[in-house]
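With this note's numbering, you'll find the sequence shown wraps up at 293, consecutive numbering, no jumps. Notes follow the structure.
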Amino acid sequence: MISAILTSTQRQAASLRIALIGKDIRSATIAEDVALGLKVGSVIEEVRAFGREIEIVFDDGVVLRTKMSLRGSWKVFHIADWQRKKRGAAKVLIQVENLIAACIDPSEVETHHDFDPRRHPLLGRNGPDLSDPKTDLDLCVELMVEYQDADATIAEVLLDQRVMRGIGNVFRCELLWTCELHPWAKVSSLSRDECRELVSIAAEILQSRHASHDRTLAVYGRHGKECERCTGQVRVTHHGEANRVLYWCADCQNRHAGTSSSRYVTEHDTPPGVHPAEFIYLSELERARKSG
Ligand SMILES: [Zn+2]
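What follows is the structure, given as structure tokens:
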């Protein structure tokens, strides 16, 4: 029996993945003092399970960590069902579409930023905020051209807060697709004009999105689906020091593919046709079988 092999925490994580991954937060409340709040509009990227802990990772790099008491659990409800229940013991509520994920009776709740030294503000000044119409795009181009680590990939640099701000992981995937850039292309392979083009497109979309809230996505969350530009298949993998998920089309994102670095590709692609949540579930099952 599958359910007998996975732990209770792994089963809860599996149902959270199916309910939450790729969706944006409509509302969220945390009934504890935490360092960082959950932002409406940010997208759930990953759900991780370790022992009795469940971590939910959002596309702005925020991680919600919950540890379960023996009676505690994460449960997913349809909104109508939830409204009929008592809310007393729920310490965290996350609403996406018509579902509510409730963390009931946890022993610990905290939030932090996913580990990524590039995102740490103490390591350097913040770069220009691309969502600000008055931002200094020339400075941003300069910071890319003079990027210290010549082997760094363009996918990493887009999330480097010292170079530019305003790009979350969802937008990073979409921007790379828009510019047909291979995600693993080295930043040093881009000419100054190409850096300028990339930064200008990013700023233009981010600034217009503030007004429109347009969330039509070409690759993010579309693993295994057809690429609308080339009819290839959208893939998902993990990338970078923080091991963030990255959706892309291997068939048409081939600008600078020849310079690509495999340095930070740390997990294999989810097999085509398999939902990432299902892939993680099956991988955990496999590990549980081996260890049990
Ligand atoms: Zn494509």
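Where is the CB? At the ideal position from N, CA and C, for every residue including glycine. Computed from a prediction, not measured in an experiment: that's the story for all the values here.
Which first and last residues belong to the alpha helix (DSSP H) in which Leu138 is found? Bounds of the alpha helix (DSSP H) holding Leu138 are Leu138 to Val146.
Based on the DSSP secondary-structure assignment, which residues constitute the bridge partners of Thr238? Paired residues: Leu247.
Note the first and the last residue of the continuous alpha helix (DSSP H) segment covering Thr179. Boundaries of the alpha helix (DSSP H) harbouring Thr179: Asn170 to Thr179, taken from the DSSP string.
Taking Trp178 as the reference, which of Arg197, Asp130 and Ala156 has the closest Cα? Measuring C-alpha to C-alpha distances from Trp178 to each of Arg197, Asp130 and Ala156 identifies Ala156 as the nearest.
Assign Asp194 to one of three DSSP states: helix, strand, or coil. Residue state, collapsed to three classes: helix.
Look at the Cβ atom of Leu159, then the Cβ atom of Ile168, and state whether they are nearer than 8 Å. Yes, they are a contact pair.
Write down the C-beta distance between Val246 and Val235 rounded to the nearest angstrom, noting that I regard them as a contact closer than 8 Å. Rounded to the nearest angstrom, the Cβ distance from Val246 to Val235 is 12 Å, too far for a contact under 8 Å.
Separation of Glu195 from Met145, as counted between CA atoms: Their backbone Cα atoms lie some 10 Å apart in a straight line.
Glu13, enclosing alpha helix (DSSP H) - first and last residue: Looking at the sequence itself, residue 13 is Gln, so the reference to Glu does not match. It spans Ser9 to Leu21 - the alpha helix (DSSP H) in which Gln13 sits, taken as one unbroken run.
Are Ala102 and Val77 closer than 8 Å when you measure CB to CB? Note that the C-beta distance between Ala102 and Val77 is below 8 Å.
Please classify Val41 as buried or exposed, where buried requires at least 16 neighbouring CB atoms within 10 angstroms. By the Cβ neighbour-count rule, Val41 is exposed, with fewer than 16 other Cβ atoms within 10 Å of its own.
Pick out the complete alpha helix (DSSP H) segments inside the segment 79-116, 4 residues or longer, and give them in chain order. DSSP runs (the alpha helix (DSSP H)) wholly in the segment 79-116: 80-84.
Whole angstroms is fine: what's the gap from Leu37's alpha carbon to Asp61's? Cα-Cα distance, rounded: 11 Å.
For ligand 1, enumerate in chain order all residues having a CB closer than 6 Å to any of its heavy atoms. Residues close to ligand 1 by the beta carbon criterion (under 6 Å to any non-hydrogen atom) are, from first to last along the chain, Cys228, Arg230, Cys231, Gly233, Cys250, Asp252 and Cys253.
Does the segment 252-262 come into contact with the segment 202-210, if we say contact requires no fewer than three beta-carbon pairs (one atom in each stretch) closer than 8 Å? Touching, no.
What did DSSP end up calling Ala29 once you bin it into helix, strand or coil? If DSSP states are grouped into helix, strand and coil, Ala29 belongs with the strands.
For Ala81, does the count of other Cβ atoms within 10 angstroms reach 16, so buried, or fall short, so exposed? Ala81 comes out exposed.
How is the alpha helix (DSSP H) around Val164 delimited, first residue to last? That residue, Val164, is in no alpha helix (DSSP H); it is neither H nor E in DSSP.
Is the beta carbon of Ser108 less than 8 Å from the beta carbon of Ser70? Cβ atoms of Ser108 and Ser70: closer than 8 Å.
Indicate the three-state DSSP secondary structure (helix, strand or coil) for Gly73 in the structure shown. For Gly73, the three-state secondary structure derived from DSSP is strand.
Who does Asp130 pair with in a DSSP beta bridge? Beta-bridge partners of Asp130 (DSSP): Arg166.
Run the proximity test for Thr8: is its beta-carbon closer than 7 Å to any non-hydrogen atom belonging to ligand 2? What this structure holds is ligand 1, not ligand 2.
CB-CB length for Glu54 against Arg72, believed under 8 Å: Taking 8 Å as the upper bound for CB-CB distance, Glu54 and Arg72 are not in contact here, some 16 Å apart.
How would you call Glu268, buried or exposed, if buried means at least 16 neighbouring beta carbons within 10 angstroms? Unreliable placement is indicated for Glu268, whose pLDDT of 45 sits below 50; the coordinate value is still reported in the next sentence. Exposed, since its Cβ has fewer than 16 Cβ neighbours within 10 Å.
Inter-residue Cα distance where the pair is Pro122 and Cys141: Residue placement at Pro122 is poorly supported in this model, since its pLDDT is 49, which falls under 50; the coordinates still yield a value, given next. Approximately 16 Å between the Cα atoms of the pair.
Pull up the distance between the alpha-carbon of Arg290 and that of Gly23, whole angstroms please. The alpha-carbon of Arg290 is positioned some 28 Å away from that of Gly23.
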